[in-house]
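Engineer: Take this structure, written in structure tokens, and hold onto it; I'll ask about it next.
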Amino acid sequence: MSTTIQQVLVPDSDGYQTVDVQIEGDSIVAIAPHLPPLGTLVDGSQKLLLPGFINAHTHSSEMWQRGLIAPLPLELWLAELYDACAGITPEHIYLSALGTAVETLLSGGTTVVDHLAIPPGQEVESVAAAVRAYREVGMRAFVGPLIQDSDLPASVPSGGIPRTIAPYHRTTESIVALMEQLVEQFHRPEEGIHIMVAPTGLQLCSDALIENCVELSDRHQLCRHTHLLETKAQQMLAQEKYGYSAVEHLKHLGFLGPRTSLAHCVWLTDDDIALMAATQSTAVHNPLSNLRLGSGIAPVLKLRQAGANVSFGCDGSASNDAQDMLEVIKIGSTLHTITEFDYRHWISPREAIQMASLGGAIGLGLADQLGTLEVGKKADLVLYDLTRLSLLPRTDPIGLLVLGRPTQAVERVWVQGKPVVEDGQVTTVDMAQLRQELWQQSQWETGPSAYRASMESHYRQVMGLKAG
Ligand SMILES: [Zn+2]
């Protein structure tokens with residue numbers, strides 16, 4: 019199967035050029051000013067071609083709670099989320115993975131990292147449901163089942179106040195055995211479906227669980243992923259538990275490395291940043307979620323200056339509350355002007371695009387296959403229609419794509435050389451049916467949760483907030 023995209027605008031080192039791009043099978047086989055018209059011909063005039071973005075951290079099932087949860091800090095927001103997602107089934111997970119894939123594709127993404135919630139007793143079925151959805155859409159997916167061996171209250175520092183935390187409903191050994199099974203059953207990198215080891219975070223995981231994840235990852239060459247220092251409470255907890263930083267502890271446990279991506283990275287010290295760079299670990303920037311939950315502003319400029327790789331993620335739809343990569347790239351690249359006076363360190367639109375594509379690929383150990391427009395790389399490509407009102411008039415297309423408010427700008431998408439979006443529509447999913455299912459399987463909801471109420475007074479006390 020060949021495709022030739024004719025006379026399309028692509029970025030070069032300092033401007034743009036017009037070229038033909040040829041796809042054969044799942045790869046880019048030729049890029050030149052003029053190529054013989056082979057296979058399906060696509061008119062690229064008045065269009066911009068970019069490598070697909072990587073939505074480097076999300077939780078697809080949170081789509082069912084988007085717009086629902088009040089402005090709260092992570093620990094209390096999570097209590098609301100846990101309550102709200104009780105009763106979620108593999109069928110829900112299938113539908114929200116479809117929805118997450120569609121929104122990611124239509125905002126320029128071709129790969130999703132799904133840090134997937136797996137309801138107790140339905141773990142395998144839930145992963146199967148998400149994998150089925152990504153296969154049907156034709157999305158490249160890294161599925162990292164959310165595993166932990168402590169309950170949520172353990173994520174709040176004790177502050178020296180005595181408290182009892184109930185043991186977790188699963189043993190560490192059974193979680194490791196589950197991961198073995200999931201890898202065996204679903205990890206098919208050559209087909210674009212990867213299982214990754216993705217413990218929730220140090221705040222909810224024992225050292226034994228993390229060490230077992232590292233061992234599994236080494237044995238099967240799996241990517242590693244976790245939440246890292248998202249909140250001030252997590253920074254305090256690491257000091258309480260280890261007496262030093264969470265990044266240092268992950269280093270001791272062998273978790274850091276070139277195939278490791280770490281979501282949030284808000285509360286890093288300068289030493290942590292140096293450690294991230296030295297171990298070639300990737301920080302995933304989730305700016306909208308960090309704003310929504312009041313987590314803080316990740317030191318992304320410092321990370322970049324230290325030579326650490328940074329990519330972009332939407333984070334789950336209940337803390338964003340959408341899956342729009344272009345929105346995340348805009349906020350995530352402009353946010354830092356308020357913390358850094360030296361404008362020479364600010365992120366340009368081209369750098370932002372590169373972080374979202376090549377940066378994402380580096381964090382997944384796939385920089386040799388994804389993230390740039392190059393012969394020999396996989397054809398994960400996005401074609402933008404530059405005649406949309408939001409991308410007119412003609413100035414700098416990448417500048418306007420990042421800094422503007424592009425609407426319906428994605429005209430075509432290929433993943434692994436296969437067309438999945440044409441004329442601005444995802445062609446692999448029955449969209450009318452998906453919308454109907456999302457409507458029918460949900461209801462209007464409001465109201466705070468009892469679980470949050472049970473955690474709130476301890477949280478306020480430990481974080482130095484007024485009681486009552
Ligand atoms: Zn997350």
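In this note's numbering, the protein residues as written are 19 to 486. Glycine included, C-beta positions come from ideal geometry on N, C-alpha and C.
GLU191: buried (16+ other C-beta within 10 angstroms of its C-beta) or exposed?
Structural biologist: Along the sequence shown, one-based indexing puts residue 191 at 173. Its Cβ having fewer than 16 others within 10 Å, GLU191 is exposed.
Engineer: Got a list of residues with beta-carbon closer than 6 Å to any non-hydrogen atom of ligand 1, in chain order?
Structural biologist: HIS75, HIS77, HIS133, HIS245, ALA281, ASP333 and GLY334
Engineer: Counting only the same chain and skipping the five closest in sequence on each side, list residues whose C-beta sits under 7 Å from that of PRO91.
Structural biologist: Counted from its first residue, the sequence shown places residue 91 at position 73. Around PRO91: THR249, LEU311 and GLY312.
Engineer: Applying the criterion that 16 or more other CB atoms from any shown protein chain within 10 Å of the CB defines a buried residue, is MET449 buried or exposed?
Structural biologist: Start at 1 with the first residue of the sequence shown, and residue 449 comes out as number 431. It counts as exposed.
Engineer: I'd like the list of long-range same chain contacts for GLY314, defined as Cβ closer than 8 Å, with 5 residues on each side in sequence excluded.
Structural biologist: One-based indexing of the sequence shown puts residue 314 at position 296. Only THR249, LYS250, VAL284, TRP285 and ASN308 meet the Cβ criterion.
Engineer: Quick one: measure Cβ to Cβ for ALA115 and SER173, integer angstroms, because I've assumed they're closer than 8 Å.
Structural biologist: Stepping through the sequence shown from its first residue, residue 115 is reached at position 97. Stepping through the sequence shown from its first residue, residue 173 is reached at position 155. Between ALA115 and SER173 a beta carbon distance of about 26 Å is seen, past the 8 Å cut, so the two are scored as non-contacting.
Engineer: For LEU196 versus GLU229, is the C-beta spacing smaller than 9 Å?
Structural biologist: Taking the first residue of the sequence shown as 1, we reach residue 196 at position 178. Taking the first residue of the sequence shown as 1, we reach residue 229 at position 211. Going by C-beta atoms, LEU196 is not nearer than 9 Å to GLU229.
Engineer: Grouping DSSP H, G and I as helix and E and B as strand, with all else coil, what is ASN304?
Structural biologist: Within the sequence shown, numbered from 1, the residue matching residue 304 stands at position 286. ASN304 falls in the coil class under three-state DSSP.
Engineer: Going by other Cβ atoms of all chains shown within 10 Å of its Cβ, with 16 needed for buried, is ARG430 buried or exposed?
Structural biologist: Residue 430 sits at position 412 when you count from the first residue of the sequence shown. Buried.
Engineer: Under a three-way DSSP split, which group does GLY486 fall into?
Structural biologist: Taking the sequence shown and counting its residues from 1, the one referred to as residue 486 is at position 468. GLY486 sits in coil when the DSSP states are folded into three classes, being neither helix nor strand.
Engineer: Pull up the CB-CB distance for LEU234 and VAL265, whole angstroms please, since I reckon it's below 8 Å.
Structural biologist: If you number the sequence shown from 1, residue 234 lands on position 216. If you number the sequence shown from 1, residue 265 lands on position 247. Between VAL265 and LEU234 the Cβ distance is about 21 Å, and since that is not below 8 Å, they are no contact.
Engineer: Are the stretch 155-174 and the stretch 202-222 touching by the rule of at least three beta carbon pairs closer than 8 Å?
Structural biologist: Note that the stretch 155-174 touches the stretch 202-222; at least 3 beta-carbon pairs, one per stretch, sit closer than 8 Å.
Engineer: Check whether the stretch 461-481 and the stretch 136-156 touch, using three or more Cβ-Cβ pairs below 8 Å as the test.
Structural biologist: no
Engineer: From HIS86 to THR464, what distance separates their C-alpha atoms?
Structural biologist: For the purposes of this step, residue 86 is identified with residue 68 of the sequence shown, where counting begins at 1. For the purposes of this step, residue 464 is identified with residue 446 of the sequence shown, where counting begins at 1. The residue you asked about is not His; residue 86 is Leu in the sequence shown. Roughly 7 Å separates the two Cα atoms.
Engineer: Going by beta-carbon coordinates alone, are THR297 and LYS269 separated by less than 9 Å?
Structural biologist: Working through the sequence shown from its first residue, we reach residue 297 at position 279. Working through the sequence shown from its first residue, we reach residue 269 at position 251. Between THR297 and LYS269, the C-beta spacing is below 9 Å.
Engineer: Going by DSSP in three states, TYR402 sits in which element: helix, strand or coil?
Structural biologist: What you label residue 402 is simply residue 384 of the sequence shown in a count that begins at 1. It is a strand residue.
Engineer: Whole angstroms are fine: how far does the CA of ASP288 sit from the CA of HIS267?
Structural biologist: Here residue 267 corresponds to residue number 249 of the sequence shown, with the count starting at 1. Here residue 288 corresponds to residue number 270 of the sequence shown, with the count starting at 1. Distance between the alpha carbons of HIS267 and ASP288 is about 15 Å.
Engineer: Using a 10 Å radius around the Cβ and a threshold of 16 neighbouring Cβ atoms, would you call LYS2 buried or exposed?
Structural biologist: Outside the displayed span of the chain (19 to 486) sits residue 2, for which this structure offers no information.
Engineer: From the DSSP secondary-structure annotation, give me the bridge partner or partners of THR36.
Structural biologist: In the sequence shown, the residue the question calls residue 36 occupies position 18. DSSP, once it has assigned bridges, lists LEU27 as partnering THR36.
Engineer: Taking only three categories from DSSP, how would you classify ILE213?
Structural biologist: Here residue 213 is taken as the residue at index 195 of the sequence shown, counted from 1. Of the three classes helix, strand and coil, the one that applies to ILE213 here is strand, per DSSP.
Engineer: Is the separation between the beta-carbon of ALA340 and that of ARG84 shorter than 9 Å?
Structural biologist: Along the sequence shown, one-based indexing puts residue 340 at 322. Along the sequence shown, one-based indexing puts residue 84 at 66. Taking 9 Å as the Cβ cut-off, ALA340 and ARG84 qualify as a contacting pair.
Engineer: Tell me where the alpha helix (DSSP H) around PHE204 begins and ends.
Structural biologist: Within the sequence shown, the letter at position 186 stands for residue 204. Its alpha helix (DSSP H) spans residues 190-204.
Engineer: Going by other Cβ atoms of all chains shown within 10 Å of its Cβ, with 16 needed for buried, is VAL400 buried or exposed?
Structural biologist: Taking the first residue of the sequence shown as position 1, residue 400 is located at position 382. Counting the other Cβ atoms within 10 Å of the Cβ of VAL400 gives 16 or more, which makes it buried.
Engineer: Does LEU90 come out as helix, strand or coil in the three-state DSSP assignment?
Structural biologist: Position 72 of the sequence shown, counted from the start, is the residue given in the question as residue 90. Of the three classes helix, strand and coil, the one that applies to LEU90 here is coil, per DSSP.
Engineer: How long is the line joining the alpha carbons of PRO276 and ASP441, rounded to whole angstroms?
Structural biologist: For the purposes of this step, residue 276 is taken as residue 258 along the sequence shown, with counting starting at 1. For the purposes of this step, residue 441 is taken as residue 423 along the sequence shown, with counting starting at 1. The straight-line gap from Cα to Cα measures roughly 37 Å.
Engineer: Would DSSP call SER20 helix, strand or coil?
Structural biologist: Within the sequence shown, numbered from 1, the residue matching residue 20 stands at position 2. In this structure, SER20 counts as strand in the three-state DSSP scheme.
Engineer: Where ILE371 and GLN25 are concerned, what is the direct C-alpha to C-alpha distance, given to the nearest angstrom?
Structural biologist: Mapped onto the sequence shown, residue 371 falls at position 353. Mapped onto the sequence shown, residue 25 falls at position 7. Looking at the two C-alpha atoms, the distance is approximately 21 Å.
Engineer: Round the Cβ separation of GLN239 and LEU247 to the nearest angstrom and send it over; I've been treating them as touching at under 8 Å.
Structural biologist: For the purposes of this step, residue 239 is taken as residue 221 along the sequence shown, with counting starting at 1. For the purposes of this step, residue 247 is taken as residue 229 along the sequence shown, with counting starting at 1. Not confirmed; about 26 Å, so no contact.
Engineer: Let's test the definition: count the other Cβ atoms within 10 Å of the Cβ of ARG206 and tell me whether it reaches 16, buried, or not, exposed.
Structural biologist: Translated into positions along the sequence shown, residue 206 becomes position 188. Using a 10 angstroms sphere on the CB of ARG206, the tally of other CB atoms stays under 16, which defines it as exposed.
Engineer: List the endpoints of the continuous beta strand (DSSP E) containing ARG430.
Structural biologist: In the sequence shown, the residue the question calls residue 430 occupies position 412. Residues 428-433.
Engineer: Rounded to whole angstroms, what's the CA-CA distance from THR36 to LEU27? Just pull it up for me.
Structural biologist: Counted from its first residue, the sequence shown places residue 36 at position 18. Counted from its first residue, the sequence shown places residue 27 at position 9. Each residue's Cα considered, the two are about 5 Å apart.
Engineer: Excluding the 5 residues flanking GLU93 on each side, which residues of the same chain have their C-beta closer than 8 Å to its C-beta?
Structural biologist: In the sequence shown, the residue the question calls residue 93 occupies position 75. Cβ neighbours of GLU93 beyond the five flanking positions: LEU170, SER173, VAL174, THR249, ALA251, MET473 and TYR477.
Engineer: Look at the alpha carbon of ALA48 and the alpha carbon of LEU67, and state the distance between them as a whole number of angstroms.
Structural biologist: Here residue 48 corresponds to residue number 30 of the sequence shown, with the count starting at 1. Here residue 67 corresponds to residue number 49 of the sequence shown, with the count starting at 1. Cα to Cα, the separation comes out at about 14 Å.
Engineer: At what residue ranges does the stretch 440-477 contain a whole run of the alpha helix (DSSP H), taking only runs of 4 or more?
Structural biologist: 449-458
Engineer: May I ask you to list the residues that DSSP assigns as paired with ARG153?
Structural biologist: The count along the sequence shown starts at 1 and reaches residue 153 at position 135. Note: ARG153 sits in no beta bridge, so no partner.
Engineer: Ligand 2 heavy atoms versus the CB of SER329: any closer than 8 Å?
Structural biologist: Among the ligands present in this structure, namely ligand 1, ligand 2 is not found.
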